[in-house]
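For reference, the structure is listed below as structure tokens.
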Amino acid sequence: MMWTWLILAAVLLAVEMMTGTLALLFVSFGALVAALLAYILPDSIAAQIGVFALAIIVGAVIAWRRIQSQRARAPADPNASVEEIGQQVEVVVLPDAQAHLRVRYRGCEWAARLANKDLAVETGMPLTIVAQESSMLIVDADPHQPTKE
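Numbering (the numbering used here), first residue to last: 304 to 452.
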């Protein structure tokens, strides 16, 4: 019975490495613990199955929590990228009448739009990405920078 658990653990670990879901990692670990139990106590099939079932439950709970936290961090705009929001950009070209401007972000120039059209900006001024619409960055004043009056 020990070899069955070890083979199952190896197969589950291989599938986990291909999918990256994290849940199968716990199931594979449960199969390894069941194999250890089979080695130590060969007649403990109920305990082996119990440990394996517990690992499945723990893995499912952890995977569910991970999915829920990723959903909670996702922006309301499906085109927005979580990594972009909150990052700093630098004004390259001053805004036009529609508040469109060009900013430098990650070494490239990007099309951007001011979230606050009344914001006075200067070339080289740092702004913060507050949203993203397709490839257009929506920027606003950096809340950590003092405002000029």
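For every residue, glycine included, the Cβ atom is placed at its ideal position computed from N, Cα and C.
- If you draw a straight line from the Cα of VAL336 to the Cα of ALA366, it comes to about 20 Å.
- ALA317 and TRP306 have their C-alpha atoms spaced approximately 16 Å apart.
- By the C-beta criterion, the stretch 418-432 is judged to be in contact with the stretch 394-408, since at least 3 inter-stretch pairs fall below 8 Å.
- At a Cβ-Cβ threshold of 8 Å, ILE359 and VAL314 do not count as neighbours.
- For GLY353 and SER347, the gap between their C-alpha atoms comes out near 10 Å.
- ASP443 and ASN419 do touch by the CB rule: their CB atoms are close to 6 Å apart, below 8 Å.
- Going by C-alpha positions, PHE332 is about 11 Å away from ALA356.
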